[in-house]
Amino acid sequence: MVVAFILFYGKRRNKYCVGSTAAALPPGPIPWPIVGCLPTLWRKKPRYRWVHKIMEELNTEIACIRIGKIHVIPVTSPELAMEFLKTHDSVFASRPITVTTDMFSDGFLTAGVAPWGNQWKKMRRILTSEILSPARHRWMLSKRTEEADNLLRYVFSLTKTTPTSVSVRSITQHYSGNVMRRMMFNRRYFGKGRADGGPATEEEEHIGALFTMLQHVYAFCVSDYMSCLKAFDLDGHERIVKKALNVIRKYEEPIIDERVQQWRDGKRIEAEDMLDIFISLKDESGEPLLSVKEIKAQITELLLATVDNPSNAVEWAMAEMLNQPQHLQQATEELDRVVGKERLVQESDIPNLKFLTACAREALRLHPIAPFNLPHIATTDVVVAGYLIPAGSHVLLSRLGLGRNHRIWPDPMRFDPNRHLQDPGADLGLAEPDLRFITFTRGRRGCMGGTLGTAITMMLLARLVQGFTWQLPPGVAAIELSESDQLFLKDPLFALAQPRLPESLYPNFEIEKKDF
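Taking my numbering, I'd label the letters of the sequence shown as residues 957 to 1472.
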C-alpha cells in the first residue's frame, strides 16, 4: 500500500511540476513525497550548478524545485524577473526565514532580510532617508576619497622601487573594508594599524569573517526547508556562521558600545560618521529611535552588503583585462584623456569614464558574487507568465542565469565591455534596471546602496588602472579564469604593478590617530 501511494504521488507530482494544464507550476524534477528533491540536492554540490543544469535540460527559464514543502522557483529570464519584481512586486516583497539570516540580523531586525512588516519599513526608511540618501552620500565623500588615497599610497609602497607582484584580491577586499570602516566608525584600523596603510591582523580577520558570512547568508541549508532537522546542524552552517559572527562582533561591538555611552554622557553632540547618525536618531517623543541591538545588527548587514560586489568585480575585471590587454590599454587611455596624469581620478570623473564603466559592468554581468539574488517569498498564490507560484514559494533570480543567458547576451562567456556601449547617448552606470544582469536589483526590495556601491567599485578600479601599469607575472602566459564553487576567481589574482604617474601624486602621509 505504501509503495502504491508513493507511485501514485510521484505520478501526480510529475504532472503537477511540469506545468501541465492540471496545475500550472513551472517545470521541474519529480519530487519525493514529504522531502521533495532534498535527497538529490543534498548529493549535488555545488547545488546551484545542479539547479542550472536541470533548467538547461528542461530548456526552461523558470523552474519549480520542491524542497520539503517549499517550492523553490529559479528564474533566468529578464522578462520573467521583471514580472516578479515589477508587475507583482507587492506579492514578492518579503524574505524567507532562515537560520543564517536570523543569526546575523539578531532576529530579523535589519532592512535587508527582515520579512515584510513594520520592522522592515522602519529600517528601510532610516536607511533611505538618513544613511544612504544623496545628501548623506555627498557628506561622506571626503571619507571615501581618503581611503582611495590610502589605496594608492599602499600599492605605491609595495611597488615604488621595482615592479612587484601584488595580490589584487587582498587589495580590493581591504579597500572595500576600509571605505566602510571609515564611513561607519571614522577609522581604518581596529588596532595599531600599519604605517604603509595596509591591512593589519585585525582587519584581515574581520574581512575574512565578513566573507565567510557572505558565503552562508543564503546558501542551501537543510534546516531552512525541514525545520525538524534544525537541532542537528547537518550542513554545519550554524557553527560556521556563529564563529564568524563572534569575530565580527569582537571588533565592532566595543566601538559601538563606547560611542553609545559617549552620546548618553553628552561627550558627543555632532555626528561624524554613520554610527553617530544611527545613535542620534530620535523618535517623536525624543527617545532613541533605534535600540543598540538594532544598530549593531544593521551595521553588520551594511558591511556585508558593501564589501563583496566591488572587490569581486574589480578582481575579475583586472584578470580579464590582463588576458585581453587591449581592454586594459583602452581603459588607461580613457583615464589619461578624461583625467590626465597631473591629478588623481575623483568620483566626479566617473560619469565621463564610459569604457571603464563598461568594464565594471561586464565583470558584474559575467562574474557575479553569488549564483542567486537574495530570495523573495510569495505572500499569496499568484500566476506569473501563466505559471502558478504558490504562497510560500522562494523565488530565486539567478545572477548567473541572467548574466549568461544566450538569448540576451551573444557569446555570453566572452568578456567584452563594448557590448555595453551600443547606445552612445545612454546614461551608463552599474545598475541594470531591466534585469538583464543583477547588480542592485529593483522593486521594494531593491538595493538602497546602489550609488554607494557604484562609487566604491568605480573608484577602486579607476585608481588601480590610473595609478599603475599592470602586467602578467613573470612566467605566466595568461591568467587562469576558472571560478571556484563560491564564484570567486579560483586562484587569487597576482599581477605585476608599476607606478605610472609622477611620484608627487602618490599620497605620502603618516598614520593618524583617527585611523584607529
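Beta carbons are placed, not taken as given, at the ideal position from N, Cα and C, and that holds for glycine.
Keep in mind it's a predicted model, so treat the numbers as computed, not measured.
Ends of the beta strand (DSSP E) at residue i?
| i | result |
| --- | --- |
| Val-1135 | No beta strand (DSSP E) holds Val-1135; the alpha helix (DSSP H) holding it covers 1124-1141. |
| Ile-1345 | 1343-1345 |
| Leu-1417 | No beta strand (DSSP E) holds Leu-1417; the alpha helix (DSSP H) holding it covers 1406-1423. |
| Val-1339 | 1338-1340 |
| Ala-1453 | 1450-1455 |
| His-1008 | Unbroken run through His-1008 is the alpha helix (DSSP H), 1003-1014; no beta strand (DSSP E). |
| Leu-1352 | 1350-1353 |
| Arg-1150 | Segment: none, Arg-1150 is in no beta strand (DSSP E) and carries neither H nor E. |
Taking the alpha-carbon positions, what's the residue i to residue j distance?
| i | j | result |
| --- | --- | --- |
| Arg-1363 | Gly-1357 | 11 Å |
| Val-1111 | Leu-1312 | 20 Å |
| Pro-1145 | Arg-1137 | The sequence as given places Tyr at residue 1145; Pro does not occur at that position. Cα to Cα, the separation comes out at about 8 Å. |
| Ile-962 | Lys-1009 | Per-residue confidence for Ile-962 stands at a pLDDT of 39, beneath the threshold of 50, marking its modelled position as unreliable; the derived number appears in the next sentence. Computed Cα separation, rounded: 26 Å. |
| Ala-1453 | Arg-1150 | 21 Å |
| Met-957 | Val-1248 | Here the model assigns Met-957 a pLDDT of 37, short of 50, so the residue's position is not dependable and the matter cannot be decided. |
| Asp-1105 | Trp-1006 | 43 Å |
| Val-1473 | Arg-1051 | Here the chain has residues from 957 to 1472 only, and residue 1473 is not among them. |
| Lys-1000 | Asp-1062 | 31 Å |
| Leu-1185 | Asp-1213 | 36 Å |
| His-1378 | Ile-1163 | With the sequence shown as reference, residue 1378 is identified as Gln, and His is not the correct amino acid for it. Each residue's alpha carbon lies about 38 Å from the other. |
| Thr-1056 | Met-1230 | 25 Å |
| Arg-1317 | Trp-1072 | 31 Å |
| Leu-1258 | Val-1340 | 32 Å |
| Asn-1361 | Leu-1083 | 33 Å |
| Ala-1037 | Tyr-1462 | 45 Å |
| Pro-1458 | Lys-1297 | 8 Å |
| Val-1028 | Thr-1066 | 24 Å |
| Ala-1382 | Asp-1390 | 14 Å |
| Thr-1054 | Glu-1243 | 32 Å |
| Thr-952 | Arg-1355 | Because the chain in this structure spans residues 957 to 1472, residue 952 falls outside the shown range and cannot be described. |
Is it buried or exposed, residue i, if we count other Cβ atoms within 10 angstroms and call 16 or more buried?
| i | result |
| --- | --- |
| Asn-1308 | exposed |
| Gln-1217 | exposed |
| Pro-1324 | buried |
| Ser-1460 | exposed |
| Pro-1327 | buried |
| Asn-1374 | exposed |
| Asp-1367 | exposed |
| Arg-1022 | buried |
| Arg-1398 | buried |
| Pro-1380 | exposed |
| Asn-1074 | exposed |
| Gln-1254 | buried |
| Arg-1241 | Note on residue identity: the sequence assigns Ser, not Arg, to residue 1241. Result: exposed. |
| Arg-1321 | buried |
| Gln-1285 | exposed |
| Thr-1118 | exposed |
At which residues does the alpha helix (DSSP H) containing residue i begin and terminate?
| i | result |
| --- | --- |
| Arg-1094 | 1090-1095 |
| Ile-1082 | 1074-1082 |
| Pro-1281 | 1281-1294 |
| Pro-1034 | 1034-1038 |
| Val-1203 | 1193-1220 |
| Val-1173 | Element bounds for Val-1173: n/a, residue is neither H nor E. |
| Arg-999 | 994-999 |
| Val-1055 | 1055-1060 |
| Ile-1233 | 1230-1236 |
Using a Cβ-Cβ cutoff of less than 6 Å, which residues in the same chain neighbour residue i once the five nearest sequence positions on both sides are dropped?
| i | result |
| --- | --- |
| Thr-1016 | Pro-983 |
| Phe-1064 | Ala-1070 |
| Met-1011 | Ala-1019 |
| Thr-1425 | Gln-1454 and Arg-1456 |
| Val-1338 | His-1044, Val-1047 and Ile-1345 |
| Leu-1352 | Pro-1030, Phe-1328 and Pro-1331 |
| Glu-1103 | Asn-1134, Val-1135 and Arg-1138 |
| Ile-1306 | Met-1414 |
| Leu-1384 | Lys-1310 and Thr-1313 |
| Ser-1085 | none |
Using a threshold of 6 Å, is the CB atom of residue i nearer than that to any non-hydrogen atom of the ligand FAD?
| i | result |
| --- | --- |
| Arg-1195 | Within the structure as shown, the ligand FAD is missing, as the structure has no ligands at all. |
Whose C-beta lies closer than 7 Å to the C-beta of residue i among residues of the same chain, with five residues either side of it excluded?
| i | result |
| --- | --- |
| Ala-1387 | Thr-1395, Phe-1396 and Gly-1406 |
| Glu-1271 | Val-1124, Arg-1125, Thr-1128, Leu-1445 and Leu-1449 |
| Ala-1227 | Ile-1233 and Ser-1236 |
| Asp-1447 | Glu-1436 |
| Phe-1371 | Glu-1276, Gln-1280, Glu-1318 and Leu-1322 |
By Cβ distance, which residues of its chain are closer than 8 Å to residue i, with the 5 residues on each side in sequence left out?
| i | result |
| --- | --- |
| Pro-1090 | Thr-1407 |
| Val-1178 | Leu-994, Trp-998, Leu-1185, Leu-1190 and Asp-1191 |
| Gly-1024 | Ile-990, Val-991, Gly-992, Leu-994, Tyr-1181 and Met-1182 |
| Met-1140 | Asp-1229, Met-1230, Leu-1231, Ile-1255, Leu-1258 and Leu-1259 |
| Cys-1403 | Ala-1261, Thr-1395, Phe-1396, Thr-1397 and Gly-1409 |
Are the stretch 1234-1246 and the stretch 1410-1423 touching, with three or more C-beta to C-beta distances below 8 Å? The answer is no - the stretch 1410-1423 does not touch the stretch 1234-1246, with fewer than three Cβ pairs under 8 Å.
Is the number of C-beta pairs between the stretch 1414-1432 and the stretch 1288-1305 that are closer than 8 Å three or more? With contact defined as three or more Cβ pairs closer than 8 Å, the stretch 1414-1432 and the stretch 1288-1305 are in contact.
Would you call the stretch 1434-1452 and the stretch 1274-1284 touching, i.e. three or more CB-CB distances under 8 Å? The answer is yes - the stretch 1274-1284 touches the stretch 1434-1452, with three or more Cβ pairs under 8 Å.
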